[in-house]
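Position one of the sequence shown corresponds to residue 34 (the numbering used here), numbered consecutively onward. For reference, the structure is listed below as structure tokens.
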Amino acid sequence: MQKIDDIDRKILDILIDNTRTPFTDIAKRLLISAGTVHVRVKKLEDSGIIKGSSLNLDYNLLGYNFVAYIGVLADRSGQSYDILDSLKKIPNVTVAHLMTGKYNVICKIRAKDTKHAKDVIMEIEKIAGIQRLESMISLEESINDKKRLMKSIFTELTPKSRVNTNKGEDRST
């Protein structure tokens, strides 16, 4: 597990809220140079902590209002990776996880409506090695807040300060 310092955490906090925040704005808010922000972001990218930036779309505004989760039971557990490879070719499958438990794979699909979702599910059903599917319709996405977890992780990764009671000054551990 990598440690990040307080400045890195503050930079990440700002970028989590808006990945398009210019480095000059971050620098002004943190009272550091834009060059320092650039170097630190590059270091976070090189270490793999930052993996690019992403664009968040409102799929509802684009007409893709239907969300379902599909549990996939494979004929044999060794076929899970082949099934995942086939799922990658279906654009409406937006997320897929290799699982333990009842299903070998669970995937998330987005569709325009129930008819469109049925078509996507029928396409998934054609994948070789699938024994059975079970679909679960999402009624509402109630929690989708990566920021809370990220901020919690950053707090864990930031070295704690401790007070030296002899001199009353802060020292990092």
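The C-beta atom is built at its ideal place from N, Cα and C for all residues, glycine as well.
Spatial neighbours of residue i in its chain, beta-carbon cut-off 8 Å, leaving aside the 5 residues before and after
| i | result |
| --- | --- |
| residue 124 | none |
Expected contact under 8 Å - CB spacing of residue i and residue j to nearest Å
| i | j | result |
| --- | --- | --- |
| residue 73 | residue 49 | Not really, about 15 Å apart at Cβ, beyond 8 Å. |
| residue 190 | residue 37 | 5 Å |
| residue 137 | residue 110 | 6 Å |
| residue 96 | residue 151 | Going by Cβ atoms, the distance from residue 96 to residue 151 rounds to 17 Å, so no, they are not a contact pair. |
| residue 57 | residue 47 | Wrong, their Cβ atoms sit about 12 Å apart, outside the cutoff. |
| residue 160 | residue 116 | 6 Å |
C-beta atoms of residue i and residue j nearer than 9 Å
| i | j | result |
| --- | --- | --- |
| residue 105 | residue 163 | yes |
| residue 35 | residue 82 | yes |
| residue 94 | residue 114 | no |
Chain-order list of residues whose beta-carbon lies under 7 Å from that of residue i (same chain, five-residue window excluded)
| i | result |
| --- | --- |
| residue 156 | 123 |
Through-space distance from residue j to residue i, alpha-carbon basis
| i | j | result |
| --- | --- | --- |
| residue 147 | residue 168 | 12 Å |
| residue 92 | residue 99 | 9 Å |
| residue 203 | residue 153 | Low local confidence applies: a pLDDT of 45 at residue 203 is under 50, so the model's placement there is unreliable, and no value is given. |
| residue 108 | residue 67 | 55 Å |
| residue 76 | residue 52 | 16 Å |
| residue 187 | residue 135 | 34 Å |
| residue 42 | residue 89 | 22 Å |
| residue 142 | residue 149 | 10 Å |
| residue 27 | residue 172 | Given a span of 34 to 206 for the chain in the structure shown, any question on residue 27 remains unanswerable. |
| residue 63 | residue 80 | 22 Å |
| residue 179 | residue 39 | 20 Å |
| residue 78 | residue 71 | 10 Å |
Contacting residues, own chain, Cβ-Cβ under 6 Å from residue i (five flanking each side not counted)
| i | result |
| --- | --- |
| residue 140 | 103, 120, 126 and 129 |
| residue 86 | 52 |
| residue 165 | 106 |
DSSP beta-bridge partners of residue i
| i | result |
| --- | --- |
| residue 141 | 102 and 128 |
| residue 107 | 163 |
| residue 169 | 102 |
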